[in-house]
Structures are given as structure tokens and as C-alpha cells.
Amino acid sequence: PVLVVDFGAQYAQLIARRVREAGVYSELVPHNVTAEEVRAKNPVALILSGGPSSVYAEGAPTFDATIFELGIPTLGICYGFQVMAQALGGEVAQTGNREYGATHATIAGRGGVLLEGTPASQNVWMSHGDSVAKAPEGYDVLASTAGTPVAAFGNPETCFYGVQWHPEVKHSDHGQAVIENFLHKAAGLPADWNSGSVIEEQIARIREQVGSARVISALSGGVDSAVSTALVHRAIGDQLTAVFVDHGLLRKGEREQVENDYVESTGVNLITVEAEETFLGHLAGVTDPETKRKIIGREFIRAFEQVQRDLVDQAKADGEPVKFLVQGTLYPDVVESGGGAGTANIKSHHNVGGLPEDLDFELIEPLRTLFKDEVRQIGRDLGIPEAIVGRQPFPGPGLGIRIIGEVTRERLEILREADAIAREELTAAGLDKEIWQCPVVLLADVRSVGVQGDGRTYGHPVVLRPVSSEDAMTADWTRLPYETLAKISNRITNEVREINRVTLDVTSKPPATIEWE
Ligand code: XMP
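Residues in the sequence shown are numbered from 9 upward in steps of one, following UniProt numbering.
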């Protein structure tokens with residue numbers, strides 16, 4: 009793999025994704041990785057990410073400089089560029105000259121292999137305080153800006169390169185070209201990692217892991233469980249049984265999509281558990297968000313365990329035990345829980361409603377090394393309908409945490425209609441790519457006065473919460489076109505009688521979260 013060394017800024021995951029977009033497999037490692045550990049992973053290249061601090065700051069993230077002696081092609085970015093300059097005998101100056109945001113860079117000569125084919129002057133995205141004042145001996149200066157004489161350097165002999173700016177962010181005009189030049193031209197790596205090769209590799213691995221045992225999988229209707237289930241099915245066919253719990257907190261049309269379109273396109277054996285009565289019974293009178301989450305998680309486990317017992321009994325009779333459980337864990341979950349290799353740390357937030365921890369199963373996690381957009385692509389390659397792979401992330405507790413107040417069947421019906429209208433209009437306006445998700449939240453305990461049709465009404469407001477995000481860790485509210493907002497508002501207040509007001513949430517995350525509960 010290409011190892012992306014994480015110096016603690018949010019940029020490292022983004023770099024790893026850009027490397028994969030260039031067709032080369034990448035993994036993240038922490039900055040305190042040792043030369044021994046690096047050697048053991050046998051990387052084809054290293055990329056040192058940006059970091060929050062100055063190399064001179066107390067507690068600045070360190071890096072084992074002997075790693076440079078391993079002779080692995082290396083690209084340093086921002087903080088990583090300065091770490092590299094310092095380790096290789098250059099000079100990093102505390103100029104107090106902060107450059108932040110879009111900055112004009114001038115390329116020296118033809119820019120060496122790293123900047124080859126990019127314009128002599130270009131916009132780059134900067135975020136730094138210190139600057140490299142002098143390149144290490146034997147290194148060519150490849151670019152400069154008004155505030156930074158050495159904004160990029162490189163040496164084809166050692167195959168060490170660095171840039172002060174952030175090529176991984178879209179605001180750097182030719183950022184992806186820099187990353188691709190480094191990978192393909194400088195380090196000579198072919199672009200041969202893609203969703204097709206991932207599918208083949210995973211199928212082989214799953215077959216080897218499972219043998220002739222039986223496997224169950226919980227389908228939530230979300231993208232991750234849909235794709236991991238389909239991938240396992242592709243590998244082992246009817247040794248797999250998928251379980252879908254209808255808890256009554258689903259979006260409009262979701263159950264039908266799973267039971268019809270998904271099953272048709274994948275051929276998965278599906279058992280649906282009818283659990284609406286039970287869930288709503290237990291949620292009656294409950295308004296506290298955490299209590300709602302706990303109840304939904306607990307009931308999900310109960311429903312799942314029931315099916316599991318039945319399946320296990322049946323499988324025993326057949327002589328092939330149910331040994332494995334499929335989980336749609338993604339790479340960001342693995343990285344965030346400090347993982348990597350080793351046993352899975354199941355976070356309740358990140359799986360279907362929070363599966364029981366004492367389930368006596370081994371886990372199959374075929375998406376463990378992948379990012380969300382890669383998972384979507386694999387889903388498409390496996391033939392899962394776009395309506396399922398392209399859909400917005402949806403929380404395990406479903407609409408239950410989008411009704412502020414008690415969850416009742418009537419309120420769910422109201423919210424389901426409003427949510428369906430918003431999704432329909434966003435898709436019609438071609439905005440699905442622009443938004444990460446757009447929860448519609450029903451303020452069920454708030455009433456406001458309106459005039460609808462012939463008279464005065466006393467209905468409920470809903471809140472539209474459109475957000476843009478790369479990973480849901482941080483988010484900004486999406487500036488939707490007024491026409492789209494107007495259309496959603498008109499349709500909801502016309503078509504959903506109980507709603508007489510549509511409002512817009514214009515808060516970023518942080519300080520707010522994406523969901524209201
Ligand atoms: P927040 O509200 O924390 O949401 O900004 C971040 C992302 O996580 C989703 N989310 C959940 N997903 N179980 C889940 O599986 C949950 O309890 C849960 N709560 C929030 C949310 O939709 C957003 O994508």
C-alpha cells in the first residue's frame with residue numbers, strides 16, 4: 009500500500025481517498041509509527057499529511073526520521089513537507105507569516121516530475137505558519153508564492169518530494185495532478201486498484217474465511233449493510249440469510265425497496281421481521297433522545313435474536329452451524345476507533361441499531377478498508393439499484409430521532425410524507441451529489457398558526473436540515489437554490505395537511521450536530 013502518515017489534521021483521510029481515486033491502494037498510519045512497522049508493511053510510497061501545529065511547537069507531532077533511510081518514495085504535504093525539510097537538512101523558519109486560503113503559486117521552470125504538465129501559475133490552498141526557508145541540499149525548488157520562497161521541492165534521485173500547499177483539497181486547482189504525478193511518474197506506481205479488483209479480492213477472502221458454514225446479515229436499508237450483504241452473497245450464495253427488521257421508523261418506500269428491488273437485483277435470501285407494534289409500544293410516552301436510542305437498539309437486538317435462534321436451530325438440523333455475522337463497518341469507523349488490524353470494536357453508533365456484543369459469531373467485514381464513495385461504487389458494480397446505493401445516510405434509530413417529542417404512528421406518517429417530498433425534489437433538482445444528507449425534522453410538540461385553504465390552522469413546523477460533508481464528522485449547511493427550497497416548502501404545506509410551516513436549519517457542525525436528537 010501507499011501509507012499516509014497522519015499528523016493529526018483532518019486532511020489525512022482525504023489524502024488516502026485521493027490516492028485511491030488515482031487507482032492506488034492506501035492506508036493510514038499514525039505519525040508515531042516506527043521504521044520497523046513501516047518496513048513490515050512493505051509500502052510502495054509514503055505520504056506525510058498536514059498537521060495542526062508548527063514543527064517547533066511544544067508537543068508537535070513527531071516522526072521517526074530513520075524512516076527516510078528506508079529509501080521509500082515520499083511526498084510531504086504542508087506540515088509533512090516541513091518535517092521532511094527539517095529531517096533532510098533544510099531549514100524551517102518561524103516567519104510569523106501566516107498564509108491561509110487560496111494563494112497564487114509560481115512554478116519554477118517545468119516544475120520537475122511533481123508539477124509537470126500543470127500551469128506556470130496556479131491557485132493552491134494554503135494553511136500554514138512556518139515556512140521552509142531553504143531546501144535540503146540536492147533538492148530543487150519547484151514552486152514559490154509571495155510569502156513562501158520554497159513552496160515545493162523535490163529530488164528525483166531520492167524520490168522525495170514535498171509541497172507546502174494542500175493538493176488533496178479541491179480548492180487547489182491542480183491538486184489531483186500533483187498527487188498523480190507523484191504516484192505514477194515519480195514513484196512509478198500503476199493505477200490498478202479499483203472497485204472491480206476489490207470485489208474479486210473480497211470474494212476470495214470471504215470464501216476462504218467461511219468455508220461451508222452459514223452466515224447471517226442484518227439489513228438496515230442503508231447503503232453499507234446493503235453492499236456488504238450483496239458482496240457476501242456474491243461470494244457464498246445461499247449460505248447467507250439476510251434479516252430485515254421493519255421497526256416502523258423507516259422512510260417511505262424503504263421496505264418495498266429492500267423486499268423487492270434489492271432482493272431482485274441481488275438474489276439474497278431475505279427474512280423480514282414485522283416489529284412495528286412492538287417498537288411503537290415501547291416508545292410510547294418517551295421523549296428523551298438517548299432513551300429513544302436505547303429502546304430502539306434494545307428492541308432491534310430482541311427482534312434479531314428471535315430470528316437468529318430460529319435460524320440456528322434450523323442450521324443445526326442441517327448440520328452446518330451459523331458461525332458468521334456480516335457487518336458493514338467502513339474504514340473511517342476503523343480509523344476512528346483506533347483500530348487497524350485486530351479485533352473489531354463495534355460502536356453502537358455505527359452499526360444497525362447496535363447489535364448485541366455477546367452474539368456468538370465471528371464477524372465478516374468486507375468493507376473494512378473502504379470509504380463511503382468506494383462502497384457506493386462497489387454496490388453499483390454488484391447491480392444494486394441506484395435508489396439504494398445512492399441514498400442518503402440514514403441513522404439506525406430512523407425517523408424515531410427526527411420527531412422531536414413522542415414518537416407515534418400518526419407523527420411518523422406525517423414525517424414520512426414530508427421527508428419523501430424533500431428527497432424527491434432534491435433528486436429532481438439534481439442536488440443529490442451536492443448534499444450529504446437532508447434530514448427533515450418534525451417539531452411535534454410545537455404548534456404554529458397558519459392559514460391553509462379556507463381557514464386558520466394550528467399545525468406543526470418541520471425543519472429542513474440540508475448538509476454538505478465529506479465524512480459527517482464536520483458539516484456545513486448546504487446553500488440550496490431558493491427555487492428548490494420554495495418548491496419543497498410549497499409541496500409539503502400543500503400535501504401534508506398537518507404541516508403549515510417549513511423552516512431551514514442554517515447551522516454548521518460543530519456547533520450543532522447533523523441530526524436534531
Ligand atoms: P450527528 O447527528 O452525530 O450525525 O452529527 C452524524 C451522522 O451519523 C448519523 N447518525 C447515526 N447513525 N445510529 C446511526 O447508525 C445513530 O444513532 C445515529 N445518530 C446519527 C447521522 O444521520 C449522520 O449521518
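By construction, the Cβ of each residue, glycine as well, lies at the ideal position given by its N, Cα and C atoms.
Thinking just about the alpha-carbon of each residue, which of Pro127, Glu209 and Gly155 is nearest to the one in His182?
Here the closest residue by C-alpha is Pro127.
Helix or strand or just coil, what does DSSP make of Asp513?
It is coil, neither helix nor strand.
Counting pairs of beta carbons, one from the stretch 407-423 and one from the stretch 477-496, are three or more of them closer than 8 angstroms?
Judged by Cβ distances under 8 angstroms, the stretch 407-423 makes no contact with the stretch 477-496, as fewer than three pairs qualify.
Return the CA-CA distance between Asn50 and Thr501, expressed in angstroms with no decimal places.
Rounded to whole angstroms, Asn50 to Thr501 spans 60 angstroms at the Cα level.
Looking only at C-alpha atoms, which of Leu78, Ala110, Thr111 and Ala65 sits nearest to Gln90?
When only C-alpha atoms are compared, the closest one is Ala65.
Once you ignore the five residues that flank Ile75 on each side, which residues in its own chain have a CB closer than 6 angstroms to its CB?
Excluding sequence neighbours, Ile75 sits near Ala43 and Val46.
Between the C-alpha atoms of Gly413 and Cys446, what's the straight-line distance to the nearest angstrom?
Rounded to the nearest angstrom, the two C-alpha atoms are 20 angstroms apart.
For a quick check, are the C-beta atoms of Glu267 and Thr280 less than 8 angstroms apart?
Cβ atoms of Glu267 and Thr280: closer than 8 angstroms.
Closer than 8 angstroms is the cut-off here; do at least three beta carbon pairs connect the stretch 337-344 with the stretch 298-318?
Segments in contact, no.
Where are the beta strand (DSSP E) runs, 3 residues long or more, that stay fully inside the stretch 252-322, in chain order?
Counting only runs of 3 or more, we get 277-282.
How about Thr521: is its C-beta nearer than 8 angstroms to some C-beta of chain B?
Although the question refers to chain B, the structure presented lacks it and comprises just one protein chain.
Helix, strand or coil for His136? Go by DSSP, reduced to three states.
DSSP places His136 in strand when its eight states are reduced to three.
With a threshold of 16 other CB atoms inside 10 Å of the CB of Gly146, please say whether the residue is buried or exposed.
Counting Cβ neighbours within 10 Å, Gly146 comes out exposed, since fewer than 16 surround it.
Helix, strand or coil: which one does DSSP assign to His192?
Residue state, collapsed to three classes: helix.
Report yes if the C-beta distance between Val276 and Thr237 is below 8 angstroms; otherwise report no.
Cβ atoms of Val276 and Thr237: closer than 8 angstroms.
Looking only at DSSP bridge pairs, what is Ser456 linked to?
Its beta-bridge partners are Gly467.
Helix, strand or coil for Val504 per DSSP?
DSSP places Val504 in coil when its eight states are reduced to three.
At a threshold of 7 angstroms, does Ile522 count as lining ligand 1 (C-beta to nearest heavy atom)?
Ile522: yes, Cβ under 7 angstroms from ligand 1.
With distances taken Cα to Cα, identify the nearest neighbour of Val251 among Val475, Gly196 and Glu313.
Per the Cα distances, Glu313.
Quick check on DSSP: helix, strand or coil for Pro38?
It is a strand residue.
Work out the CA separation of Arg487 and Leu288 for me, nearest whole Å.
C-alpha separation (whole angstroms): 36 angstroms.
What is the DSSP secondary structure of Glu29, reduced to helix, strand or coil?
Glu29 falls in the helix class under three-state DSSP.
Helix, strand or coil: which one does DSSP assign to Ile411?
Ile411 falls in the strand class under three-state DSSP.
Identify the residues that DSSP records as bridge partners of Ala250: which are they?
Answer is Ser225 and Leu278.
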